[in-house]
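Taking it in order: structure first as structure tokens, then the write-up.
Residue numbers (my numbering): 249 to 366.
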């Protein structure tokens with residue numbers, strides 16, 4: 249459980265801090281995996297670190313964040329349209345409630361994508 253919290257907070261830090269922060273997060277995870285005798289995890293993280301060093305640029309991070317936001321906006325628009333259609337077609341209250349929940353979930357995903365981009 250604690251490891252999941254470390255990884256989640258590390259991912260948020262990496263997104264907000266650029267490629268250098270991303271490298272630091274991976275290096276920290278490598279140290280954690282070594283300390284807990286997890287060679288398979290160390291090997292995977294070393295590959296991830298090599299990928300970051302080879303391909304990560306601050307521009308690529310911004311571009312990825314913009315794509316994630318755009319995808320979330322598209323999903324929200326689709327879910328809003330589904331909800332409108334359900335209401336227009338006189339669907340059951342249960343169906344409308346379910347579609348509203350999906351709109352709410354899509355809205356939360358969009359907000360998270362925006363927060364991750366900062």
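Positions of the beta carbon are idealized from the N, C-alpha and C atoms, including for glycine.
Given the structure is predicted, the values throughout are model-derived calculations rather than measurements.
For residue 353 and residue 342, the rounded distance between their alpha carbons: Approximately 16 Å between the Cα atoms of the pair.
State the DSSP-derived secondary structure class of residue 305, mapped to helix, strand or coil. Residue 305 sits in coil when the DSSP states are folded into three classes, being neither helix nor strand.
Between the stretch 295 to 302 and the stretch 316 to 329, can you find at least three pairs of beta-carbon atoms closer than 8 Å? They do not touch, by the three-pair rule.
Can you tell me where the alpha helix (DSSP H) holding residue 339 begins and where it ends? Premise fails: residue 339 is in no alpha helix (DSSP H) and is neither H nor E.
Contact set for residue 347: own chain, Cβ-Cβ below 6 Å, skip 5 residues either direction: Closer than 6 Å at Cβ, skipping near neighbours: 330, 331, 334.
How big is the Cα-Cα spacing for residue 322 and residue 336? Linking residue 322 to residue 336 through their CA atoms gives a straight-line distance of about 21 Å.
Quick one: what's got a C-beta closer than 6 Å to residue 320's C-beta in the same chain, skipping five residues either side? If we look at residue 320 and ignore the five residues flanking it on each side, its Cβ neighbours are 357, 358, 361.
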